[in-house]
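Residues in the sequence shown are numbered from 41 upward in steps of one, following our numbering.
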Amino acid sequence: MAHLSECKYASLSDDGGSSSGGDTLEVLNQSHRAQQRRKRLRWAIIVFFIEIAQLLFFYGVFSRLCPRSGCSKLGPDIDGLADLAAYNTTVTFSNDVNIVQPSEFADNFWATYVPYSAVIAVDVKLVEKFNMPESAVSPTNSNEMLYQIDGFHELHCLFRLRRILVGTATKEDHAHTLHCLNYIRQTLMCNLDLTLGSTENLKNYGLKDKRICRDYTAIEAWVERNKWKDFEGWQGAKMEAYYKKLEENNGTLPEEEHKSSY
């Protein structure tokens with residue numbers, strides 16, 4: 041056992057075996073840190089794609105509700121009405137005054153392209169479903185409320201203003217004029233066209249520029265499907281009573297009774 045007593049214990053030196061152990065530990069630490077960086081990077085990529093997916097989802101929903109120009113008094117999606125809000129038709133404006141001057145051709149044009157009323161009948165159940173503001177109840181069907189597409193209100197105002205300009209206006213047209221001018225003013229200011237109209241002569245602007253518009257023909261078809269079917273008969277009876285009362289009063293009525301029905 042004598043040889044055991046001769047054994048000497050020495051501390052580990054900085055060089056030699058301990059250096060190899062330190063290097064191994066450092067390699068392990070670097071590997072761990074790299075692994076942690078890769079893990080954080082993977083989570084960052086996953087979160088990034090989740091955020092992109094959410095943005096695309098909400099953009100798709102918002103785009104459907106508010107096509108191109110944003111939410112501008114869009115109506116409920118009754119019979120595909122929301123789809124009609126999209127700007128999907130290319131149009132170049134015309135400078136043809138033949139469609140506004142006094143003539144049978146122009147009269148027929150306005151009678152054809154400007155609906156008589158565009159008053160829409162909506163079932164009261166749909167009014168409640170889409171949380172629509174309540175409107176007047178149809179005098180011919182208590183289960184329906186009556187509305188009007190604003191754009192056709194404005195066109196009807198232009199229809200009346202044209203008759204004043206060409207000398208074919210009725211007293212009702214004249215009584216309605218100031219309302220029409222103010223209504224069209226507000227509509228133009230609300231939906232101001234931002235097209236940068238070009239010119240060739242510093243006189244006429246915007247006549248050759250293409251615009252992306254709503255599909256007027258499709259909107260007309262929607263109005264035809266959803267219009268208040270009894271409007272013309274109801275309006276005819278109302279006007280008949282109006283003219284009868286006018287005759288009974290020697291052609292004069294209180295000013296408020298000259299106001300338009302539209």
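Note that the Cβ used here is the ideal one computed from N, Cα and C, for glycine as well.
- In this structure, Val159 sits near Leu186, with a CB-CB distance shorter than 7 Å.
- Distance check between His196 and each of Gly237, Ser157, Asn181, Val206 places Ser157 closest, using alpha-carbon atoms only.
- Rounded to whole angstroms, Glu184 and Ser175 show a C-alpha spacing of 9 Å.
- Given a length threshold of 3 residues, each whole run of the beta strand (DSSP E) inside the stretch 223 to 296 is given here in chain order: 250 to 253.
- Three or more beta-carbon pairs separated by less than 8 Å link the stretch 193 to 210 to the stretch 134 to 144, which places the two stretches in contact.
- Approximately 7 Å separates the beta-carbon atoms of Trp262 and Asp119; this is inside 8 Å, confirming the contact.
- The beta carbons of Thr129 and Lys250 sit no closer together than 7 Å.
- In this chain, Leu124 is not harboured by any beta strand (DSSP E), its DSSP state being neither H nor E.
- Nearest in C-alpha terms to Cys220, of all of Leu198, Asp270, Thr235, is Leu198.
- One thing to note: Thr227 has its Cβ within 7 Å of the Cβ of Glu194.
- Here the C-alpha atom of Ile92 lies approximately 11 Å from the C-alpha atom of Ile85.
- Closest in C-alpha terms to Phe192, from the list His214, Trp150, Thr239, Thr210, comes Trp150.
- Secondary structure at Ala84: helix, using DSSP grouped into helix, strand and coil.
- Spatial neighbours of Gly237 in its own chain (CB-CB distance under 6 Å, excluding positions within 5 residues in sequence) are listed in chain order as Tyr245, Gly246, Asp249.
- Just so you know, the alpha carbons of Asp136 and Ser182 end up roughly 45 Å apart.
- Among the bridge pairs identified by DSSP, Asn181 is matched with Ser178.
- Going by beta carbons, Trp268 and Ala125 fall outside the 7 Å limit.
- When only Cα atoms are considered, Val167 and Val177 end up about 11 Å apart.
- Here Asp213 carries a helix assignment [DSSP, helix/strand/coil].
- Between Cys253 and Tyr127, the beta carbon gap of about 6 Å places them in contact (Cβ cut-off 8 Å).
- In the same chain as Arg265, and ignoring 5 residues on each side of it, the C-beta atoms closer than 8 Å to its own belong to Asp119, in chain order.
- Cβ neighbours of Asp270 within its own chain (closer than 6 Å, five residues either side excluded): Thr180.
- Counting the other CB atoms within 10 Å of its CB gives Ile189 a total of 16 or more, which places it among the buried residues.
- Per DSSP, reduced to three states, the secondary structure at Asp163 is strand.
- As computed with DSSP, Gln188 is found in a beta bridge with Val159.
- Put simply, the backbone Cα of Thr152 is about 13 Å away from that of Tyr256.
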